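Here the structure is laid out as structure tokens; the discussion comes afterwards.
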Amino acid sequence: MWRDLPGPGALGRIICGGCVAAAGVIAVAPQPTSVLWQASILLSEWGHWLAALALLLLPGWRRSRTDAAGALVAALGILLLLSPVIRARALNATLPAALDHAFGPPAASASTVQPPRPAPLVLTDLLLGVASDDVIVDEHVYSVLENEQLTLDLYRPAFAEGALPVVIAIHGGGWVGGDKRDLPELYEYLASRGYVVASIAYRLAPRWQFPAAQEDVTAAIRYVQDLAHTHSLDPQRIALLGRSAGGQIAVLAAYTASDPAIRGVVSYYGPFALRWGYDNPAKPGVVDSSGLLETYLGGPPSTHGERYHAAEPSRFVTPDSPPTLFIQGLRDEHVSPFHAEFVSSRLIDAGVPHAVVRMPWATHACDYVFSGPCGQVSTYAVERFLGTILNGTSASPP
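The sequence shown finishes on residue 1178 if you use my numbering, and the numbering steps up by one all the way, no holes.
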């Protein structure tokens, strides 16, 4: 079957196969360092491209045992690289029904131009990208504090009819960094589907500690509501959306606002059980999560326990809390899935409509690749959620 001696290129085949397998492991396994975590985002969300190239290593495996070993290792890597797509594809069968059960069936789309996404994962979009129409983006100053201007970017559809619902977006960055222009593809997509999206800058630690960012969100909500006089937006149909640290800010703001205009809130991989998070930190090679909490809240729980308590959204859950959507990767190296489950348990007790979109392959910031498996699944869930809570009536809890 095999020749005793390896054929030409056999050594290169086994080396390349080993590299593909290593890439596959990085794509699916928790990582111990920040650099490997960043690599895992790219390999789990773009790995299907590398898997396609790696198919070139398979022909000729019969030439020798070395060739066969190289092809076998490459095949293993290909399967690992494709596993995010396979797992995301499986959500096509379960996620729509889960969202319907949590929030009710989707209402008519806010868009007069584009239909909503047909499924959580569309295979052609992995190759061609997720399409968005041209949108208008304007920068506004929504607050001035101590001579410091706080700004927001307002994303609007180029052609709008009537007063459109509003999404106020809060960026991540560990409460100490990040920018309102981070990951804008979702905002452009939502604007092209008939939403007005306000992506806000807010005051950052260590100069500004809790509750400064919370106050900025409140100011941004008021500013956007005032824009209804000059822009085609509905001040009574607002959703908050935040990523990572912005998820904590968004959920806390939504639960403490007591404003019926806030119809719902979305968190992408946000931390909520802050005392627990301090005592159960992320891997130090990935992020100093306890240090970030101290910077944001002023110190450890032993000396600043009241701030930790005041910053935990679960404390403010009531039966009147707005419907909530959690987007969570189950191998998140920064924010444990426990955080979303912790708030979910409180929402269950209070009878608040909510859903946790659990993505087994996904890590923190997995939506960095907008057309990747996580980007597609999360966008589908967000669009379905917004379409229900901003354009229709959310279901009563079961």
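Beta carbons: idealized from backbone N, C-alpha and C, even for Gly.
The structure presented is a predicted model; accordingly, all values stated were derived computationally and were not measured.
Next item on the list: Could you check how far apart the C-beta atoms of V915 and R936 are, in whole angstroms? I think they sit under 8 Å.
Entry: 6 Å
Notebook entry, point to check: Around the Cβ of P1064, are there at least 16 other Cβ atoms within 10 angstroms (buried) or fewer (exposed)?
Noted result: By the beta-carbon neighbour count (other beta carbons within 10 angstroms, threshold 16), P1064 is exposed.
Check: Would you call the CB atoms of G1027 and G1044 closer than 9 Å?
Finding: no
Notebook entry, point to check: Taking the alpha-carbon positions, what's the A890 to C799 distance?
Noted result: Summary for A890: the model assigns pLDDT 48, below 50, so the residue's position carries little reliability; its value from the coordinates is reported in the next sentence. If you take the alpha carbons of A890 and C799, they lie about 46 Å apart.
Check: Hey, V1067 and E1113: beta-carbon distance below 9 Å or not?
Finding: yes
Check: Is the Cβ-Cβ distance between Y969 and D933 less than 9 Å?
Finding: no
Checklist line | Residue from Q1005, F990, L1013, S1069 whose Cα sits closest to the Cα of L1032 | finding: F990
Checklist line | Where A882 falls: helix, strand or coil (DSSP) | finding: DSSP, reduced to helix, strand and coil, places A882 within a helical segment of the structure shown.
Check: So, helix, strand or coil for T931, using DSSP?
Finding: T931 falls in the strand class under three-state DSSP.
Margin query: Tell me the rounded alpha-carbon separation between H1009 and L1020.
Written below: Approximately 21 Å, taken between the alpha carbons.
Notebook entry, point to check: Between which two residues does the alpha helix (DSSP H) containing D996 stretch?
Noted result: Annotation for D996: the continuous alpha helix (DSSP H) segment containing it runs 992-1006.
Next item on the list: Can you have a look at W841 and say buried or exposed, based on whether 16 or more other CB atoms are within 10 angstroms of its CB?
Entry: Bear in mind that the predicted position of W841 carries a pLDDT of just 48, short of 50, making it unreliable; the figure below should be weighed with that in mind. Flag for W841 reads buried.
Notebook entry, point to check: If you draw a straight line from the alpha carbon of P1131 to that of A938, how long is it in whole angstroms?
Noted result: Reading off the sequence shown, one finds Gly at residue 1131, where the question assumed Pro. For G1131 and A938, the distance between alpha carbons rounds to 39 Å.
Check: Would DSSP call A890 helix, strand or coil?
Finding: Reliability fails at A890, whose pLDDT of 48 lies under 50, so the model's placement of it is uncertain and no value is given.
Notebook entry, point to check: What are the start and end residues of the beta strand (DSSP E) that includes V947?
Noted result: 944-950
Next item on the list: Thinking M1139 and L1166 are a contact (beta carbons under 8 Å), I'd like their distance in whole angstroms, please.
Entry: Approximately 19 Å separates the beta-carbon atoms of M1139 and L1166; this is outside 8 Å, ruling out the contact.
Check: Three or more beta-carbon pairs under 8 Å between the stretch 803-819 and the stretch 849-864, yes or no?
Finding: Contact holds between the stretch 803-819 and the stretch 849-864, because three or more Cβ pairs, one in each stretch, are under 8 Å apart.
Checklist line | Given L833 as reference, the closest of R1087, S820, R1095, A851 once Cα atoms are compared | finding: Relative to the Cα of L833, the nearest Cα in the group R1087, S820, R1095, A851 belongs to A851.
Margin query: Taking 8 Å as the limit between beta carbons, can you name the residues of its chain near A1161, skipping five residues before and five after?
Written below: L875, L879, P900, L1105, I1107, A1135, V1137
Check: T1147: buried (16+ other C-beta within 10 angstroms of its C-beta) or exposed?
Finding: Note that residue 1147 corresponds to Asp in the displayed sequence, not to Thr. Buried is the call here.
Check: Identify the residues that DSSP records as bridge partners of T1104: which are they?
Finding: V1045, H1134
Margin query: My assumption, with CB atoms under 8 Å, is that A1053 sits in contact with F1122. Please give the rounded CB distance.
Written below: 4 Å
Check: If you count every other CB in all the chains shown that lies within 10 Å of the CB of S1069, and 16 or more means buried, which is it?
Finding: Label assigned to S1069: buried.
Note to self: Is the beta carbon of S1047 closer than 9 Å to that of D996?
What the structure shows: No; because the gap between Cβ atoms is not below 9 Å, this pair is not in contact.
Next item on the list: Output yes or no for whether 9 Å exceeds the beta carbon distance between G974 and A949.
Entry: Contact: no.
Item checked: Best match in P964, L856, G954, T1083 for proximity to S912 [C-alpha to C-alpha] -> P964
Margin query: Give me, in chain order, the residues of the same chain whose beta-carbon lies closer than 6 Å to that of A992; leave out the 5 immediate sequence neighbours on both sides.
Written below: R983
Next item on the list: Use the C-beta contact count for V815: other C-beta atoms within 10 angstroms, 16 or more gives buried, fewer gives exposed.
Entry: Looking at its Cβ environment, which holds fewer than 16 other Cβ atoms inside 10 Å, V815 is exposed.
Notebook entry, point to check: Under the three-state reduction of DSSP, which class applies to Y1058: helix, strand or coil?
Noted result: helix
Checklist line | Residues bridged to D918 [DSSP beta-bridge criterion] | finding: L934
Check: Would I903 pass as a contact of R867 if the rule is Cβ separation under 9 Å?
Finding: Just to set this straight, residue 903 is Leu in the shown sequence, not Ile. Their beta carbons are not under 9 Å apart, which means L903 does not touch R867 by this criterion.
Item checked: CB-CB length for D962 against S1151, believed under 8 Å -> No, D962 and S1151 are not in contact; Cβ-Cβ is about 17 Å, not under 8 Å.
Next item on the list: Can you grab the Cα-Cα spacing for the pair A1037 / T998, in whole Å?
Entry: 8 Å
Notebook entry, point to check: Skipping 5 residues on each side, what residues in its chain have a beta carbon closer than 7 Å to that of N872?
Noted result: A899, P900, L901
Notebook entry, point to check: When you compare only the Cα positions, how much space is there between N1171 and R1017?
Noted result: 8 Å
Margin query: Closest to A1103 by C-alpha separation, out of A882, A831, A877, would be which residue?
Written below: In the sequence on display, residue 1103 carries Pro and not Ala. Residue A882 is the option with its Cα nearest to P1103.
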